[in-house]
Amino acid sequence: MKRNLYWFGLFIFFLSVLVSCGDKSSPIGDTVITVKVENAQGEAKVGENVSLYLEEVTSATNPEGAYIVLKTNEDGEAIFSLNFADMNIPSFQHVTLYFVVFYAEGNQTEIAGTANVTVLSGDSKDIVLNVLF
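Sequential numbering of the sequence shown, starting at 80, is according to this note's numbering.
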């Protein structure tokens, strides 16, 4: 009986060591956000630049300050595959990501549409970003 208790205690000890040694900030997996860009009629917009920001987008947002910019594919989708560890975001933290499409009007750059989503590391979400044109 003592022998079994000894092995059980040893097993619990090693199990607790293994669990506590894990990297708490390591990603669960890539976070995939599919942003579908549509106009008011629901038509997919092909070839549009979709910018990702880690802070809320306003009219004062600098278009060159995006974290990532992707172009929509033939289905009007920009697919963002994000690794939270690379972004210095803990995997257990909920993060709101902000997406925007800009358009040029004269010498000005204006916002054509925005969307946001709150995710955890490893999530997979689909969102629609409606634009003015």
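All C-beta atoms, glycine included, are put in the ideal place defined by N, C-alpha and C. Since this is a predicted model, take the numbers as computed values, not measurements.
By the Cβ neighbour-count rule, K150 is exposed, with fewer than 16 other Cβ atoms within 10 Å of its own. With contacts defined as CB atoms closer than 7 Å, I206 and V114 qualify as a contacting pair. Around the beta carbon of L208, 16 or more other beta carbons lie within 10 angstroms, which makes this residue buried. The bridge partners DSSP lists for Y146 come to none. Taken atom to atom, the span from the alpha-carbon of Q187 to that of G144 is near 16 Å. Assigned with DSSP and collapsed to three states, N141 falls in coil, not helix or strand. Between the alpha carbons of A123 and I168 lies a gap of roughly 32 Å. Non-local C-beta neighbours of E156 in its own chain, meaning closer than 6 Å and more than five positions away in sequence, comprise T113 and K115, ordered along the chain.
Per DSSP, K115 is one residue of the beta strand (DSSP E) stretching across T110 to E117. By the 16-neighbour rule on beta-carbons within 10 angstroms, F163 is buried.
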